[in-house]
Amino acid sequence: MALSTFFAGGGDPFGDVFDPFRLVAFRPDTGDQTGNKLSDDARAIANTKVDWIEKPDKHVIQVDLPGVARNDINVTVEDNNTLVISGERVKEDRQDDDRVHRYERVVGRFLRRFRLPDNADVSKITAKMDQGVLKIEIPKKEKPKEEKRNVQIDYGSGSGGGGGTGTGTTH
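Start counting the sequence shown at -13; every next residue gets the next number (my numbering).
Here it is, written out as structure tokens:
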């Protein structure tokens, strides 16, 4: 007897555990609460595919969210360094007499969190939705210019330096 007969849909038992189609096989209606917080969080993360690209002047995060309305997407910054993308892909209304032959599109909650690097300017983050892709741009902070300056060194009495002041250079 093959192991695959024990898994929903006869799939590969060692396949990608975050494959959203596999999750649908175990719980087709993701709106149904299982009470298992870890399972729900894993499902919410699995439902969101993300690319993060660092460019010389900014970070760009692209999120595939086809069919998700703008009002169902939230982009926030928590603790001044954690970008949170969350929302819900709403299930389409079906009529009682509809006969579903395949139900593969994932519906339900989605969630992704990213700790932003120190050079991220969170006050200038922008987001734009275009053809089902949410594009978030996070500009980088300007690097402070390195300066050299002379620092005056005071000599105290008893230091063997003869008292007075002098000028030294620090780097």
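Ideal Cβ positions, reconstructed from N, Cα and C, are used throughout, including at glycine.
Just tell me which of the options has its CA closest to the CA of residue i.
{"i": "T34", "options": "P42, Q138, L120", "result": "L120"}
{"i": "M115", "options": "I59, E133, R88", "result": "I59"}
{"i": "E64", "options": "Y141, D140, I111, E40", "result": "I111"}
{"i": "W38", "options": "R88, R99, V86", "result": "R99"}
Output yes or no for whether 8 Å exceeds the beta carbon distance between residue i and residue j.
{"i": "V93", "j": "V70", "result": "no"}
{"i": "R101", "j": "T62", "result": "no"}
{"i": "V36", "j": "N66", "result": "no"}
{"i": "D45", "j": "A113", "result": "It should be pointed out that residue 45 corresponds to His in this sequence rather than to Asp. In this structure, A113 does not lie closer than 8 Å to H45 by Cβ."}
Going by DSSP, what residue range makes up the beta strand (DSSP E) through residue i?
{"i": "H45", "result": "44 to 50"}
{"i": "T62", "result": "59 to 64"}
{"i": "G94", "result": "94 to 101"}
{"i": "Q138", "result": "136 to 140"}
{"i": "A113", "result": "112 to 116"}
{"i": "G73", "result": "68 to 75"}
{"i": "V119", "result": "119 to 125"}
{"i": "E40", "result": "35 to 40"}
Could you tell me how far apart the beta carbons of residue i and residue j are, in whole angstroms, since I believe they sit closer than 8 Å?
{"i": "G118", "j": "P52", "result": "3 Å"}
Discussion item. Three or more C-beta pairs under 8 Å: does that hold for the segment 92 to 110 against the segment 58 to 74?
Written reply: The segment 92 to 110 vs the segment 58 to 74: in contact.
Item to complete: Spell out a yes or no on whether the segment 106 to 125 and the segment 77 to 91 are touching, meaning 3 or more CB-CB pairs, one atom from each, closer than 8 Å.
Response: Segments in contact, no.
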